[in-house]
Each structure stands twice: as structure tokens, then as C-alpha cells.
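Colleague: Each residue of the sequence shown is one higher than the last, beginning at 15 in the numbering used here.
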Amino acid sequence: MFVDTIIVGAGIAGIAAGARLLRAGLDDIVILERAADVGGTWRDNVYPGVACDIPSHLYAFSFRPNPAWSQRYSAGSEIQDYLRRVARDEKLLIRFGTEVTDMEWDDSENGWKIRTNTGAYRCRTLILAAGRLSEPKSPEFPTLSTFEGPVMHSSRWDTGVDLAGKRVGVVGTGASAVQLAPRVAATAASTTLFQRSAAYVVPRNDAEIAPETQALFETDATALTRHREALFAEAELGHAARVADGVDRAALRNTALGHLEAQVTDGALRAALTPDYEIGCKRVLLSDDYYPAIASGAVHLEPSALVALDGNVAIAASGNRFELDAIVFATGFATTRPPYAQHVRGRDGRLLADHWSEGMTAYATMLVAGFPNLLVLDGPNAALGHNSAFVMLEAQAELAAALIARMSIEAVDVIEATESAEREWTARVDAASTGTVWLSGCRSWYVDERSDRLTLLWPGTATEFRDALRAVAEAPLPVANENIPA
Ligand code: NAP
């Protein structure tokens, strides 16, 4: 079956791309989704307490504002419902239960051959929107199989498992762990939190959105747009603390350490919870119940990594041993080595994973040299630590729609970044990353362990990202001249 454009994945990125293409009049598209529902990360993450730490009205598509958000920070299920509504209202054609197994560029046809578990497709343009937080990463212990009891990754929560009355080990101190650990502790017999690195945590100050405000946003679209713009502008201010160690970073640090001091009075515990790296190097977390859960003893802090299992005994790097009934790995995702890269072959059969063997790179964050008519969403340098992923993904979706529309208008069959365009863009990203807090020496999922390059995060502001991609949309179409036969 031939379709002009195939989008792989129906998470935020895939929905953004589908909606933007349809709105640009490009309707020969299909989204292939391996799961049975849209939503990506918000479909997969159903752990207790799952919620967003970006304000709700900013964590939405600009073209589908939601006046009805119930909380300042939405729960995961409310975001998932929103994404389902958007996919339905935008009339996206999605083939669920379709797992893409291979994607191969066909020079003779100037298009992609796509193999899936339900059949084959061909398309001219391929948009990879498979997400960066989709493949769980858990520590590998040879003795894990000897553990008798539930073992779950935070993003593969088994709602059929009742942790009440159990001795639970929670591994990790990222955004997922700080949300779920206090909830687990509310019913567990004991909760032990294995902390390899302490996190910086700032107040969350969540609140219900008043019915009057919802009613105002329902009737006054301008008020809702203004509110969103104000939230965006406020979030953008957070970038300054990441690029320079000045007053902004000091203020952020004071907020976090002040929060710790206010919520944890025990000096030794407070010391154990104080990070030993610069604030902002890892994601700054928002929580009002994380420190109290630890300070009250509901969550027992083990200030070292989980390093081994001996049957049901969990062994920490400190040597401390804990008998457990269940383990929750809140240990993050395979971000720097996206699994889809093992299934994409460009010109001359080159594997995307090989092209990215030193870390992800692309021109304009989306076009990869040697991979014609491929647009990668949410890949290299397209994430942010300080603002909404929706803004970034919409900017990428807009560029995708602009490039595809122009290919038809300008009668161009193949677009592709040249090696030099990709190199220059990468050099520009590297220059902007130099001296930022993300490269100040901590271990984070933003930095590729093979090259020590910042490959996940965009080092600038969201505004700069949008502007940079809009400039590409207006520039001559990227065509790899050296690849076109004379
Ligand atoms: P993460 O940020 O990658 O955190 C993984 C954690 O596991 C880290 O604290 C890591 O320690 C720890 N870890 C790994 N192996 C360990 C071991 N053997 N012993 C002890 N600790 C170990 O993953 P995440 O919390 O799932 O969050 C990933 C991203 O998802 C976030 O950054 C965010 O973008 C997104 N997210 C967002 C929200 C939201 O509210 N918007 C909520 C959840 C997730 P080290 O720090 O030492 O490596």
C-alpha cells in the first residue's frame, strides 16, 4: 500500500505531525502505532501519582487549547484523555496494533519501504515520531530472576499488583520516582528508596483551577491564549539559570535548598538529600510531598545505588541489605540510543544506529544525511528542561508540514541534509551547549555517554528553537546535491 507520508508513533509528536499535515492540506497520511491507543508516554505511564510538572495550559497544543484543565499541573489520565480527544477531533487516521519492524530507503523509487507486523507499506516521506521516553531502562542484575515478587518499571506499571502491606524497594530519584514513592509509601508496609544521586526539588504548589476560570477560558479564547503566552514567557525565564552561573541560577538553587531546609529538619537526612552537582544539570523536580514522605520515615532513604540482588535481599552500594517483597525501577529510559535507529536503513543500506554510533545528530534537529525524505521528531536536541515539549514538537511538526508541502509545490522528489549541513548544525549546537549547566559534569539522560555531547536537549530557549526551525522552513529546500547522479 502506498501512502505519501507515514508517521510512526501516535504520541504527542505523532499527533502534532498528523494534525499539522492535515491542517496544511496534506491528507495522504497514515499514523502507524504499535499500541492500541494514542498517547505514548501518557498512555504508558500509569504509576500512582503520575502527573505533569509543566503547567496544564502550556502542556497542550496551541491549535487545540483545553479550557477545562482541572489542575494547575494535570494528572496523567487527564492528559491522556486530552490527547485521545485531539486525535479524534483532528480526524487522524491511525492504524493501531501496527508495529513497524523495518524501514528502508529505496533509491529506485525515491521512497521508503516499511515493513510491519500487519503488512507492508511504501511511502515518499517517513516521519519518525517514536518518542524518547518509550523504552524503559532497568539495571541488569543476573540474580533478578531469583527475586520472588513483583518487579515493575515505572512506565510498565501493573495495576493488578497490590503493593499494600508489602516491603517495596523504589530505585531512582528522577521525576517518576519522586511522584510515585510517596504514593507507594501510603499503603506499603515499608518503602526503601535507593538514591544514587540526590535530586533538586522545588515547591510544586499545585492547585485546582477554579470553575470561574474554566468558564472564562471556555467563552473567551483570547483570555486563554494570553494565559498560555504568559506561562510560556514565564517558563522561558528558566533558561537563564541553565546557561550561566549568575543570579538566576543562585535564585533557583536557593529555592530548592530552601525547600529542602523547610521540609527536612534532620541535619543528617538533609545532608544526604543535598545534591553534589550543579542545579539544572539534571531535571529540576517539583514536589511538595517527596521530602515530607522521607522526613516522616514513611519512605526510608538509602543514600546509595541498588547494586545487587541476593534472592529477595536488595544490596545497596553502601553494603546495606534490605529484604523486599516488590521492586519498582524508576530508572528512566533508553534516550541516547533510540531503539528505532536499529530498524532504519538509508542510502546504501546504512543503518541509522550506525550513523548515530557517537550519538544522535541531524540538520535542523530532523533531517539526517544519507536518510532522504526522513524527518525525525523528538530526536536529536529537540527536548527541553525548562519549557513545554508541546512547543518543541509543534515547531518540528510545522517544519515537517512546510517541507512536505513545498516538495509538491516545487516538484522536488527528494529532500536530504548534506553531510556538511548536518556537521555545521551539530557544531552550532555544540557551541551553544558549551558552558551550559547540562555539561557541568553530572550524569543525565540529556548527554550521550559515548561522546559526552548534549544530544537530547536543545541548548537554547524554546523561542530560539522555533525561530531556527522556521528559518529552515523558509530557506531553499535541503537537497543533497552530491547524492544526485549527474
Ligand atoms: P530519569 O530521570 O532518567 O531517572 C532515573 C533515576 O534512576 C535516576 O535518579 C538514576 O540515578 C536512577 N538510577 C538508575 N539506576 C539506579 C540504581 N541502580 N540505583 C539507584 N538509582 C538508579 O527517569 P524518570 O524519573 O523516569 O524521568 C525521565 C523523564 O521523564 C524526566 O526527566 C521527564 O522528562 C519525564 N517525566 C516527566 C514527568 C513530568 O512530571 N513532566 C514525570 C515523570 C517523568 P542517577 O541520577 O544517578 O543516574
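Each residue gets a CB set at the ideal place from its N, CA and C atoms; glycine is no exception.
#1: By DSSP, does Ala-31 sit in helix, in strand, or in coil?
#2: I need the DSSP call for Asp-18, collapsed to helix, strand or coil.
#3: For Phe-343, list the residues DSSP reports as bridge partners.
#4: For Thr-233, is the classification buried or exposed, using 16 other Cβ atoms within 10 angstroms of its Cβ as the cut-off for buried?
#5: With 16 as the cutoff for other CB atoms within 10 Å, does Ala-500 come out buried or exposed?
#6: I want to check one thing, is the minimum distance from the CB of Val-405 to the heavy atoms of the ligand NAP below 7 Å?
#7: Does the structure place the stretch 349-362 close enough to the stretch 187-205 that three or more beta carbon pairs sit under 8 Å?
#8: Take the Cβ of Glu-372 as the centre, count every other Cβ of all protein chains shown within 10 Å, and call the residue buried at 16 or more, exposed below.
#9: Less than 7 Å between the CB of Gly-53 and some heavy atom of the ligand NAP, yes or no?
#10: Could you tell me which residues DSSP puts in a beta bridge with Trp-119?
#11: Taking the alpha-carbon positions, what's the Arg-437 to Cys-66 distance?
#12: Tell me the DSSP bridge mates of Cys-66?
#13: What's the call for Ala-378, buried or exposed, on a 16-neighbour Cβ count within 10 Å?
#14: Could you give the first and the last residue of the continuous alpha helix (DSSP H) run that contains Phe-208?
#15: Are Leu-238 and Pro-79 touching if we call contact CB-CB under 8 Å?
#16: Taking Pro-394 as the reference, give the member of Arg-99, Ala-143 and Leu-287 with the closest Cα.
#17: Specify the secondary structure class of Tyr-61 as computed by DSSP and reduced to three states.
#18: What would DSSP say about Ile-26, mapped onto helix, strand or coil?
#19: Assign Pro-503 to one of three DSSP states: helix, strand, or coil.
#20: Helix or strand or just coil, what does DSSP make of Glu-104?
#21: Which of the three DSSP states, helix, strand or coil, is assigned to Asp-324?
#22: How long is the line joining the alpha carbons of Met-374 and Phe-404, rounded to whole angstroms?
#23: If we count Cβ pairs, one from each stretch, closer than 8 Å, do we get three or more for the stretch 307-317 versus the stretch 276-295?
#24: Just to confirm the assignment, what range does the alpha helix (DSSP H) spanning Gly-272 have?
Modeller: Well, looking at it:
#1: Three-state DSSP puts Ala-31 in a helix.
#2: Three-state result, Asp-18: strand.
#3: Phe-343 is bridged to His-167 and Val-185.
#4: When all chains shown are included, Thr-233 counts as exposed.
#5: Any reading at Ala-500 must be qualified, since the residue scores a pLDDT of 37, below 50, and its modelled position is unreliable; the value itself is stated next. Ala-500 comes out exposed.
#6: Flag unset: Cβ of Val-405 not near the ligand NAP.
#7: With contact defined as three or more Cβ pairs closer than 8 Å, the stretch 187-205 and the stretch 349-362 are not in contact.
#8: Flag for Glu-372 reads exposed.
#9: Answer for Gly-53: no, Cβ out of range of the ligand NAP.
#10: BP columns for Trp-119 point to Trp-126.
#11: Looking at the two C-alpha atoms, the distance is approximately 35 Å.
#12: Note: Cys-66 is not bridge-paired with any residue in the DSSP secondary-structure output.
#13: Around the beta carbon of Ala-378, 16 or more other beta carbons sit within 10 angstroms, so the residue counts as buried.
#14: No alpha helix (DSSP H) contains Phe-208, which is instead part of the beta strand (DSSP E) from 204-208.
#15: Yes. Within cutoff.
#16: Nearest to Pro-394 by alpha-carbon distance, out of Arg-99, Ala-143 and Leu-287, is Ala-143.
#17: In this structure, Tyr-61 counts as coil in the three-state DSSP scheme.
#18: The answer is helix: DSSP assigns Ile-26 an H, G or I state.
#19: Residue 503 lies beyond the range of the chain shown here (15 to 500); nothing can be said about it.
#20: Residue state, collapsed to three classes: coil.
#21: The answer is strand: DSSP assigns Asp-324 an E or B state.
#22: Near 21 Å, if we compare the C-alpha coordinates of Phe-404 and Met-374.
#23: Segments in contact, yes.
#24: In this chain, the alpha helix (DSSP H) harbouring Gly-272 covers 261-277.
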